[in-house]
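Those sequence lines, one after another, are chains A, B and C.
Position one of the first sequence corresponds to residue 1 (this note's numbering), numbered consecutively onward.
Position one of the second sequence corresponds to residue 1001 (this note's numbering), numbered consecutively onward.
Position one of the third sequence corresponds to residue 2001 (this note's numbering), numbered consecutively onward.
Even for Gly, the Cβ is constructed at its ideal location relative to N, Cα and C.
Comments concern the structure below.
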Amino acid sequence: MMLSWYWPTPNGKPPLIAVLSVLVPLAVLLLTASTVDMSYNKIFYAIPRMLDFTKNLWVMPDWHYVPQLAKKMLETVEMTLLATALAILLSMPLGVLAAKNASPHPIIFRITRDLLSFIRALPELVWALVFVSALGLGPLPGIMALSLVTVGFMGKFIAESIEVVDAKAIEGLESTGCTKFQSILYAMLPQAVPDFIGSLLYILDHNLRAASILGLVGAGGIGYDMVMSMRLFNYERIGMIALSIYALVTLLDRLSDVFRQKALGGILNVH
Amino acid sequence: MSIKTLPSRPHNLFPLWLSLALALLWLIIWDLDVAFQDLVYGIADMGEYLSRYGAPNLSNMSSYLHLMIQTLVTAFWGTTLAFIMAATIAPYAARQLTPNPFIYRIARELLNFMRAMPDLLLALIFVSSMGLGPLPGVLALAVHTAGFLGKFFAENMERVPAGKYEALSAVGAGFTQKIVFAAWPSMLRESVGNVLYIFDRNVRMAAVLGLVGAGGIGLELHDALRLFKYNQASALIIIILLTIIVIDNLSSWIRKVLN
Amino acid sequence: MAYISLTAVHKTYPNGYCALKNINLDIQAGQFIAVLGPSGAGKSTLLRAMNALDPATQGEITIDGVTLNKKNYRKIRAHVGMVFQQFNLVDRLNVMTNVLVGRLAEHSWLSSLFYLFPKTDYQIAEAALREVDLLDKAWSRADKLSGGQQQRVGIARALAQQPKLILADEPIASLDPKSSEEVLKLLRKICSEKGITVIVNLHQVEYAKQFADRIIALNAGSLVFDGSPEQLTKAKQAEIYGTTYEETSHDAELVLAYT
């Protein structure tokens, strides 16, 4: 006998959309499992090696490495700050041009929008690869790659927060006979400030993470040391690097939470 | 109460903060020793350099496409595993649902830790313990983004109006029942948005995971650039760019349909 | 010659809705004019046509001898103050800046870029704030003020334009009775003492009769009454609002009972 359990729908069966949204991803996962080497054996085989690796991490830190570590971490933070500052400078005008209500012309609006989505499409590391091969090793290509992608994101965020500014304040300004440029400066930008700060905190967080891995392709920061000590199985250093990144990212996370709540009264909601 | 004179203007600290920020930036430029003037001189060279990318070499198209598909699959698996982990941990990290404050703290810290570990570092670790291939990439993406998704889900759960949980507590519902009948139905739409955002992010990331040997198209690009094969590099960049733009538009379309 | 004259003004919105039908009107300088009519009668559209926030689709509007057209509307707006139902202040700027905004039309984009104003502008703004009795709030943020105070800032902004005409679009519809009366008294005082023409959209017939020199009424986009407050009898009111005499008086009693 069938169990007499039913779904709370008119016909007692689960809704089609629910069934499909479970079955389709499941089918895709099963069909693609071999593409990503997803197999029981492989995972089972990896577990003891993972444990081994974790055991190896329990070694005395390499104290002689501390000054070098501090220098590289500082470089990572500096790259983050500089790239973010440059990006703000560039993305302000682009963001205004890409906002529907502030843009001087629909064609300019379209072009800026597309330009922004084009430059944020590729990940920082790809740009960093290109810039490193053009300018050589060092933090400069890293900063350029970071700023470029950040301009793409920040410009979009700025445009979006200008677009949701209450039309009332803008109308109030326009009624005094001022120009569009003045109404952008005196109504749209001030009203969009809380949104800007929210996006800025998000971008800072994102850029710090990105800056910590750019070194992988030789574009400055802690990333290079991270890869090298990994390749050389230098466990004394890997643990230290991982811990410092963890500490730094967590610190920024907490700071930005506090800032969001204190300075803006918890009215922000940007992830 | 009315007064007849203008009160004196309060001090505006903005100029002070601005100059401090500028001083800090100047200090950073000095310390990093970046020469922006070189950049200005180099712009002419930059034009010549970029022209080397002018003729994309599409002869290896089928193998590139295969790699791109592997990249997408890596992102998909990573996102799915992250979703499963996040959905499991999130209720413990939501204030209204968590069984006790201690577990809440632990769940939050766990999510924080997963988020703080860069996925490339995780990929390095997984590659060295299970060998080259896309599987370590999948796991790295899964662990890192489970931290993000878990935080988003927990925040969504905390935003659900308290009344919905109370109503279920009032009929004697347990922990799982509250999650299934109060939390998820109320936060489904935002959560789908979060998952799409994470998937977008994972596609971008999967495209570069190859740099540490974790599968996908990234390694090919790295090698092409290292061997100065600009035509192949440009073909690869074009494929990555197109895929990401298509995925972006697809997910913003889904988001629009959902709203 | 009349200070403002409207000749055969029509306004049809893009969706085909006809908000103003053949309005002909002459207004003398220095008068206080109340515009009455049920919701959707075209009161706001009439005011917004006069400073081209919603330009008329047909007909001619002349203010102080200048006919409104696509090229000169900003010049006209510069000397026509407008007061809104929702105040339309820039919440996040302080009161002083909100009033100084009334001076922007006189300045170039370059000085505006740095938020700089000449000393004379500060004197004008200070005088405007003294007029509305808000000098003590000059450096507070606009959104920290009560509704009545915000509306007075709105009036101060209009005064800072040194206007000859102030258009007030339902300035008291979002205010409590006490602030409403204060705001209307203020507008009346500005009209009488400075000789500024004031046109106010109102819902309350009683206020119109108490403050106005002349009352205009619209219904369904047409002019249905134009005369002195004394000429606006109960029967006329019923005609304007499309109700019977008994209903009106009944409503009035109800209103009294609830205020």
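Range of the contiguous alpha helix (DSSP H) that encloses residue i
i	result
Cys-178 (chain A)	That residue, Cys-178 (chain A), is in no alpha helix (DSSP H); it is neither H nor E in DSSP.
Ile-2183 (chain C)	The sequence shown places Val at residue 2183 (chain C), not Ile. Per DSSP, Val-2183 (chain C) belongs to the alpha helix (DSSP H) from 2177 to 2194.
Lys-2021 (chain C)	Looking at the DSSP string, Lys-2021 (chain C) is not in any alpha helix (DSSP H); the run it does join, the beta strand (DSSP E), is 2018 to 2027.
Asn-2201 (chain C)	From DSSP, Asn-2201 (chain C) is part of no alpha helix (DSSP H) but of the beta strand (DSSP E) over 2197 to 2201.
Thr-54 (chain A)	40 to 56
Pro-1136 (chain B)	1134 to 1159
Val-1195 (chain B)	1184 to 1209
Residue i - DSSP class collapsed to helix/strand/coil
i	result
Gln-2058 (chain C)	strand
Ala-192 (chain A)	helix
Gly-2081 (chain C)	strand
Ala-1214 (chain B)	coil
Lys-1178 (chain B)	helix
Leu-2254 (chain C)	Residue placement at Leu-2254 (chain C) is poorly supported in this model, since its pLDDT is 48, which falls under 50; the coordinates are not used for a value here.
Thr-35 (chain A)	coil
Arg-2157 (chain C)	helix
Gly-1047 (chain B)	helix
Leu-255 (chain A)	helix
Lys-1004 (chain B)	coil
Asp-2169 (chain C)	coil
Arg-2141 (chain C)	strand
Ala-1035 (chain B)	coil
Ala-1173 (chain B)	coil
Lys-2236 (chain C)	helix
Gln-2162 (chain C)	coil
His-271 (chain A)	Because His-271 (chain A) carries a pLDDT of 31, less than 50, the predicted location of this residue cannot be relied on, and the following value inherits that uncertainty. His-271 (chain A): coil per DSSP, three-state reduction.
Asp-225 (chain A)	helix
Lys-2209 (chain C)	helix
Thr-1243 (chain B)	helix
Ala-63 (chain A)	Sequence inspection shows Trp at residue 63 (chain A); the Ala mentioned does not correspond to that position. In this structure, Trp-63 (chain A) counts as helix in the three-state DSSP scheme.
Asn-1060 (chain B)	coil
Thr-1071 (chain B)	helix
Thr-84 (chain A)	helix
Own chain, CB closer than 7 Å to residue i, minus 5 neighbours either side, in chain order
i	result
Gly-12 (chain A)	Tyr-6
Asn-56 (chain A)	Tyr-235
Gln-191 (chain A)	Val-165, Asp-166 and Ala-169
Leu-94 (chain A)	Thr-112, Leu-116, Val-151 and Gly-155
Lys-1256 (chain B)	none
Tyr-2207 (chain C)	Leu-2184
Leu-1022 (chain B)	none
Arg-1052 (chain B)	Tyr-1230
Lys-100 (chain A)	Phe-109 and Glu-163
Delimiting residues of the beta strand (DSSP E) encompassing residue i
i	result
Val-2009 (chain C)	2004 to 2012
Phe-2032 (chain C)	2032 to 2036
Gly-2227 (chain C)	2222 to 2227
Arg-2214 (chain C)	2214 to 2219
Leu-2046 (chain C)	Taken as a continuous stretch (DSSP letters only), Leu-2046 (chain C) belongs to no beta strand (DSSP E), being part of the alpha helix (DSSP H) at 2043 to 2050.
6 Å Cβ shell around residue i - same chain, five flanking residues per side excluded
i	result
Ala-1140 (chain B)	Asp-1119, Leu-1122, Ala-1123 and Phe-1126
Ile-2190 (chain C)	Ile-2196
Pro-1136 (chain B)	Ala-1123, Phe-1126, Val-1127, Met-1130 and Ala-1214
Arg-2077 (chain C)	Asn-2051
Ile-2172 (chain C)	Ser-2180 and Val-2183
Tyr-224 (chain A)	Gly-215
Gly-1150 (chain B)	Ala-1086, Ile-1089, Ala-1090 and Leu-1111
Val-2224 (chain C)	Ala-2217 and Ile-2240
Other residues of its chain near residue i: CB distance less than 8 Å, five sequence neighbours each side excluded
i	result
Leu-173 (chain A)	Gln-182, Ser-183, Tyr-186 and Ala-187
Discussion item. Extract the residue ranges of the beta strand (DSSP E) inside the segment 94 to 182 of chain A, only unbroken runs of 3 or more that lie entirely within it.
Written reply: Those beta strand (DSSP E) runs which fall completely within the segment 94 to 182 of chain A and span 3+ residues do not exist here.
Worksheet item: Per the contact definition of three or more C-beta pairs closer than 8 Å, is the segment 1236 to 1246 of chain B in contact with the segment 1147 to 1164 of chain B?
Response: no
Item to complete: For the segment 1080 to 1122 of chain B, list the alpha helix (DSSP H) runs that are entirely contained and at least 4 residues long, ordered along the chain.
Response: 1101 to 1116
Item to complete: Tell me, please, whether the segment 2046 to 2065 of chain C touches the segment 2234 to 2244 of chain C by the rule of three or more beta-carbon pairs shorter than 8 Å.
Response: Result no; under three Cβ-Cβ pairs closer than 8 Å.
Item to complete: List in chain order: all unbroken alpha helix (DSSP H) runs of 4+ residues lying wholly within the segment 2061 to 2126 of chain C.
Response: 2073 to 2078, 2095 to 2100 and 2109 to 2113
Discussion item. Would you call the segment 1186 to 1202 of chain B in contact with the segment 209 to 218 of chain A, where contact means no fewer than 3 C-beta pairs closer than 8 Å?
Written reply: no
Worksheet item: If you pair each beta-carbon of the segment 177 to 186 of chain A with each one of the segment 36 to 46 of chain A, do three or more pairs fall below 8 Å?
Response: no
Discussion item. Counting beta carbon pairs with one atom in the segment 1227 to 1237 of chain B and one in the segment 1082 to 1090 of chain B, are three or more of them shorter than 8 Å?
Written reply: no
Worksheet item: Would you call the segment 2139 to 2153 of chain C and the segment 2114 to 2125 of chain C in contact, with 3 or more CB pairs under 8 Å?
Response: no
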